[in-house]
Amino acid sequence: YMAVGKPILANIGGDAKKVIEESSCGLVSDFGDIDKLATNIKKISENYMEYCVRGRLYFEKNFTLAKVVDEFENLIKGIKEEY
10 YMAVGKPILA NIGGDAKKVI EESSCGLVSD FGDIDKLATN IKKISENYME
60 YCVRGRLYFE KNFTLAKVVD EFENLIKGIK EEY
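Using my numbering, the letters of the sequence shown correspond one by one to residues 10 to 92.
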């Protein structure tokens, strides 16, 4: 969703929750929290484009192919230097 600039509305935890909150590309509620989910639906509809833009920018900064390849190369170089 971030790659195409769509906001994320999730009822989730873990790393996915962390990325959504860190990027401010959407809103998250805890499992089973229907009231918070309803509130989040309203909030997303009121600020739809802001969530879209933040998600796309976060994706471009953190998840593009070039970024992932660079990080992988740096990881390999770091391992190589240790040995």
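Glycine is no exception: its CB is placed at the ideal position from the N, C-alpha and C atoms.
Extent of the continuous alpha helix (DSSP H) to which residue i belongs
{"i": "A19", "result": "Segment I17 to N20 is the beta strand (DSSP E) holding A19; no alpha helix (DSSP H) there."}
{"i": "N71", "result": "Y57 to N71"}
Opening and closing residue of the beta strand (DSSP E) in which residue i lies
{"i": "V77", "result": "Counting along the chain, V77 falls outside any beta strand (DSSP E), though it belongs to the alpha helix (DSSP H) covering L74 to E91."}
Secondary structure of residue i, DSSP reduced to three states
{"i": "S38", "result": "strand"}
{"i": "M11", "result": "coil"}
{"i": "S32", "result": "helix"}
{"i": "N49", "result": "helix"}
Whole-number beta carbon distance between residue j and residue i, since they are thought to touch under 8 Å
{"i": "G64", "j": "I17", "result": "7 Å"}
{"i": "C61", "j": "K15", "result": "6 Å"}
{"i": "A12", "j": "F81", "result": "Not confirmed; about 19 Å, so no contact."}
Length of the line joining the Cα atoms of residue i and residue j
{"i": "F40", "j": "C34", "result": "19 Å"}
{"i": "I43", "j": "K52", "result": "14 Å"}
{"i": "S38", "j": "S32", "result": "15 Å"}
{"i": "I29", "j": "K86", "result": "30 Å"}
{"i": "K45", "j": "E91", "result": "47 Å"}
{"i": "V75", "j": "L84", "result": "Note on residue identity: the sequence assigns Ala, not Val, to residue 75. If you take the alpha carbons of A75 and L84, they lie about 14 Å apart."}
{"i": "E59", "j": "K26", "result": "18 Å"}
{"i": "N71", "j": "V78", "result": "11 Å"}
Test: residue i CB closer than 8 Å to a CB of chain C
{"i": "P16", "result": "Among the chains of the structure shown, chain C does not appear; only one protein chain is present."}
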